[in-house]
Amino acid sequence: MSRPRVLLADAHTPLLEVFAKLLADECDVVGVVSSGLALLEAAERLRPDVAVVDIEMPLSSGLVAVRRLKQLHPDLRIVVLTMNEDPNVAAEAFRAGASGYLLKRSAASELQIAVRETMHHRSYVTPLVTEGLVGTRRRPPLDL
Amino acid sequence: MVNDEGRPRDAAPSRAVTGRLIAAQERERRRIARELHDDISQRLALLAVELERLALSAPGDEAFRRCWHDLSHAAGDIATDLHRISHSLHPAKLETLGLVAALDGFCQELWCRQHLRVRFTHDNVPRALPGDVALCLYRIVQEALYNVIKHSGVLDADVHLSGAGHELLLRIADAGGGFAPVAAAAGVGLVSMHERVEAIGGSLVVHAAPGRGTRIVVKVDLELQGEDRRSE
């Protein structure tokens, strides 16, 4: 398989630089953008295989951008890379069309894996959020 | 049971003034939340990532790498806590996922962090609500459930949100120690709840008595949001 072409979207430039370095061994980072609108424009122009997207960006919510991206480019794999560990938000990201969800804090050990998994048409969810998604952290039933 | 509607009203500022004060407070909270989220917690996340890169690539023995990893984990924990504080100051989730998802997340968080078991139910709640109504109801639930944790002596509570026609009804109940409403009427928490609800043209009633639990009922007319309050 050829090296995946990756588009990075995050409002925080220093993080974009680090994420690009983390992916450099296995991927070609073809573009970096800092807003939801720029992401939509760059995806149309660059046609990447994978978009790594922060869902908390200015000028259009990242979730809106993810949903729109998936409508416009059904084959594009989308990995959400965020500070938000809320399982409800993770679930909404997958409903919007994401294939991966991980936290920025664990990007060094998980970002390459997430991109690799999505390139093989598999989903990836960081273990830091998985337990919330499957319900182990959810409230127990009440006996009222 | 005693209904609490008896807080002093003569000195109360007009609804419009209260509304503006609450809006100013929310704007300031939003500004601080953005500062925490957009700057400090992102810088900490960057630190966590760089430390983890060192842990993965640094030569040396396993104990040395473990040390870098632990430092990365500590920085990541602080970043996550700041992110959580930021969302508590201004729940951005209200705008992205709506009131029901935001309340569900908040109730889950109370279980994880405070071990309060909240049964949250909802029916017929419109997905799109006016921003100030959603924020008001979210703040009421926050305040009421923090009160359950602090004062009720029980670890269970019920929150129910429902829509009927153009009316939204919120009910928060616990079977804890309750209180004497007259004595508590001047408390900052209850006054603040009343003011928030009045600012969006709704009503709030507290049913409580010592030893008989507490029930807070809020009603909001959604039609009013589009008519009377446009001019305020």
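Chains as they are written, first to last, in the working numbering: chain W, 99 to 242; chain V, -1 to 230.
A virtual CB, placed ideally from N, CA and C, is assigned to each residue, including glycine.
Could you give the DSSP three-state label for residue i: helix, strand or coil?
i	result
L290 of chain V	Examination of residue 290 of chain V is not possible in this model, given that chain V is present from -1 through 230 alone.
S221 of chain W	coil
I198 of chain V	coil
I153 of chain W	coil
V131 of chain V	helix
H110 of chain W	coil
H120 of chain V	strand
G161 of chain V	strand
L170 of chain W	helix
A196 of chain W	coil
H113 of chain V	coil
L153 of chain V	coil
H192 of chain V	helix
R103 of chain W	strand
R29 of chain V	helix
A122 of chain W	coil
G176 of chain V	coil
G209 of chain V	coil
M(-1) of chain V	Low local confidence applies: a pLDDT of 47 at M(-1) of chain V is under 50, so the model's placement there is unreliable, with the coordinate-based value given in what follows. M(-1) of chain V falls in the coil class under three-state DSSP.
D75 of chain V	helix
A56 of chain V	coil
G129 of chain W	strand
R125 of chain V	coil
R175 of chain W	strand
R169 of chain V	strand
D219 of chain V	strand
Using a C-beta to C-beta distance shorter than 8 Å, which residues of chain V count as neighbours of residue i?
i	result
P225 of chain W	By Cβ distance, chain V contributes nothing, its closest Cβ being about 13 Å from P225 of chain W, past 8 Å.
M181 of chain W	H35, S39, Q40, A43, A77, T78, H81
R193 of chain W	By Cβ distance, chain V contributes nothing, its closest Cβ being about 10 Å from R193 of chain W, past 8 Å.
H110 of chain W	D36, Q40, L44
L113 of chain W	Q40, A43, L44, V47
Can the beta-carbon of residue i be found less than 8 Å from the beta-carbon of residue j?
i	j	result
S84 of chain V	S12 of chain V	no
L114 of chain V	L143 of chain V	yes
V104 of chain W	D126 of chain W	yes
I214 of chain V	I170 of chain V	yes
L149 of chain W	A189 of chain W	Checking the sequence, you will find Ala at residue 149 of chain W rather than Leu. Contact flag unset, no.
A173 of chain V	P208 of chain V	no
L179 of chain W	L209 of chain W	yes
L200 of chain W	Y222 of chain W	yes
A73 of chain V	L49 of chain V	yes
G129 of chain V	H149 of chain V	no
A206 of chain W	L54 of chain V	yes
V216 of chain V	L168 of chain V	yes
L144 of chain W	G129 of chain W	yes
L138 of chain W	L120 of chain W	no
A132 of chain V	A77 of chain V	no
L159 of chain V	L101 of chain V	yes
Which chain V residues sit within Cβ distance under 9 Å of residue i?
i	result
K168 of chain W	Per Cβ cutoff of 9 Å: no residues; K168 of chain W is ~16 Å from chain V at best.
V116 of chain W	L44, V47, E48, R51
E161 of chain W	For the sequence presented, residue 161 of chain W should be read as Leu rather than Glu. What L161 of chain W touches in chain V: T94, L95.
Given that residue i touches chain W, what residues does it touch there, using C-beta distances under 8 Å?
i	result
Q112 of chain V	Per Cβ cutoff of 8 Å: no residues; Q112 of chain V is ~11 Å from chain W at best.
A99 of chain V	N186, E190
K91 of chain V	D184, N186, V187
L54 of chain V	A206, S207
G74 of chain V	L201, R203, S204
Please check if any C-beta of chain B sits within less than 8 Å of the C-beta of residue i.
i	result
L200 of chain W	In the structure shown, chain B does not exist; the protein chains are W and V.
For a contact meaning CB atoms closer than 7 Å, what does residue i contact in chain V?
i	result
E190 of chain W	L95
L106 of chain W	What L106 of chain W touches in chain V: nothing, since even the nearest Cβ is about 13 Å away.
L138 of chain W	Within 7 Å Cβ-Cβ: nothing; L138 of chain W doesn't reach chain V, min ~17 Å.
Within 10 angstroms of the Cβ of residue i, are there 16 or more other Cβ atoms? Answer buried if so, exposed if not.
i	result
E142 of chain W	exposed
H35 of chain V	buried
D8 of chain V	Its pLDDT being 49, under 50, D8 of chain V is placed unreliably by the model, and the measurement read from it follows with that caveat. Burial call: exposed.
P239 of chain W	Bear in mind that a pLDDT of 46 at P239 of chain W, under 50, signals an unreliable position, so the number given afterwards is only what the model happens to contain. Under this definition P239 of chain W is an exposed residue.
A212 of chain W	buried
H233 of chain V	Residue 233 of chain V is absent from the model: chain V starts at -1 and stops at 230.
S197 of chain W	buried
A46 of chain V	buried
T212 of chain V	buried
D75 of chain V	exposed
Q23 of chain V	exposed
A206 of chain V	buried
G199 of chain V	buried
T119 of chain V	exposed
In chain W, what lies closer than 9 Å to residue i by C-beta?
i	result
G209 of chain V	Neighbours of G209 of chain V on chain W: none; closest Cβ ~18 Å, over 9 Å.
A46 of chain V	K202, R203, S204, A205, A206
Just the chain W side, please: which residues come within less than 7 Å of residue i by C-beta, in chain order?
i	result
D102 of chain V	N186
### Query
Does the stretch 59 to 71 of chain V touch the stretch 21 to 41 of chain V, meaning 3 or more C-beta pairs lie closer than 8 Å?
no
#### Entry: contact_flag[the stretch 174 to 194 of chain W, the stretch 97 to 107 of chain V] where n(CB pairs < 8 Å) is 3 or more
yes
### Query
Are the stretch 112 to 127 of chain V and the stretch 83 to 101 of chain V touching, with three or more C-beta to C-beta distances below 8 Å?
yes
#### Entry: Validate contact between the stretch 134 to 146 of chain V and the stretch 189 to 197 of chain V using beta carbons, cut 8 Å, 3 pairs
yes
### Message
Check whether the stretch 159 to 167 of chain W and the stretch 134 to 141 of chain W are in contact - that is, three or more C-beta pairs closer than 8 Å.
### Response
yes
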